[in-house]
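Numbering (numbering that gives the first Met the number 0), first residue to last: 0 to 161. Heads up: the structure comes next, in structure tokens.
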Amino acid sequence: MDVVVRRATADDVGALARLNQIVQALHVSAEPAAFRADSSDAEMQSFFANLVIADKTFVLIAKLAGLPVGYAWFEIQDRPPTPFTNARLRIYIHHVVVCENSRKLGVGSSLLDAAEAEAQVRGIKDVVLDTWAFNESARNFFEAADFKPFNIVMRKKLGNSA
């Protein structure tokens, strides 16, 4: 069965909101202080409706047998130089989501390939993403796709914070 990946449209926002529930539930479970458990379907659909039409933002939807089974959300980041850094042009991947029963079928790889193809078309050499430390399966997937750590974010919780 072939994975079909295409740019999402306004007609896909319901499917995107449903697919997002997969990653949102995982994040809420692991980091409840950071992630909302109370987002409504209407709120999610509105969010994705704005994303699919935003400039320099891409939402790709993946389908198997005509059914939506995953998505990727990424943006083109074009940063000017500062006194500290050189100019930076890159694709930043915010989400890669695949239904659990569609994993290991090439869906995630197809989504990453499509993001990388967009980078190549635009002459962009860097594709970056981040993943939460608790999400070992995502880390393993991204490492298998040749992503390497280059910046470590650390946290120290103070007081009685959860």
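Glycine included, each C-beta is placed from N, C-alpha and C at the ideal position.
- About 42 Å separates the Cβ atoms of residue 106 and residue 158, ruling out a contact at the 8 Å cut-off.
- For the 8 Å CB-CB criterion, residue 7 and residue 75 do not form a contact.
- Within a 10 Å sphere around the beta-carbon of residue 16 sit 16 or more other beta-carbons, which makes this residue buried.
- Secondary structure note for residue 27: its alpha helix (DSSP H) is the uninterrupted segment 12–29.
- Distance from the Cα of residue 146 is smallest, within the candidate group 115, 156, 102, for 115.
- The beta carbon of residue 108 is closer than 8 Å to those of 144 in its chain, skipping five residues each way along the sequence.
- With at least 16 other beta carbons inside 10 angstroms of its own, residue 67 counts as buried.
- In the DSSP assignment, residue 118 falls within the alpha helix (DSSP H) that extends over 106–120.
- When DSSP reads this structure, residue 32 sits in no beta bridge, so it has no partner.
- By the criterion of a C-beta distance shorter than 8 Å, residue 130 is surrounded in its chain by 137, 138, 141, once the five residues flanking it on both sides are discounted.
- For residue 149 and residue 63, the gap between their C-alpha atoms comes out near 33 Å.
- The continuous stretches of alpha helix (DSSP H) do not include residue 157, and DSSP gives it neither H nor E.
- Residue 102 carries a coil assignment under DSSP once its states are collapsed to helix, strand and coil.
- Its Cα nearest to that of residue 73, the residue 58 stands out among 58, 80, 125.
- Excluding its 5 nearest sequence neighbours in each direction, residue 43 has C-beta neighbours in its own chain below 7 Å: 16, 19, listed in chain order.
- Comparing alpha carbon positions, the residue from 135, 100, 156, 77 closest to residue 122 is 77.
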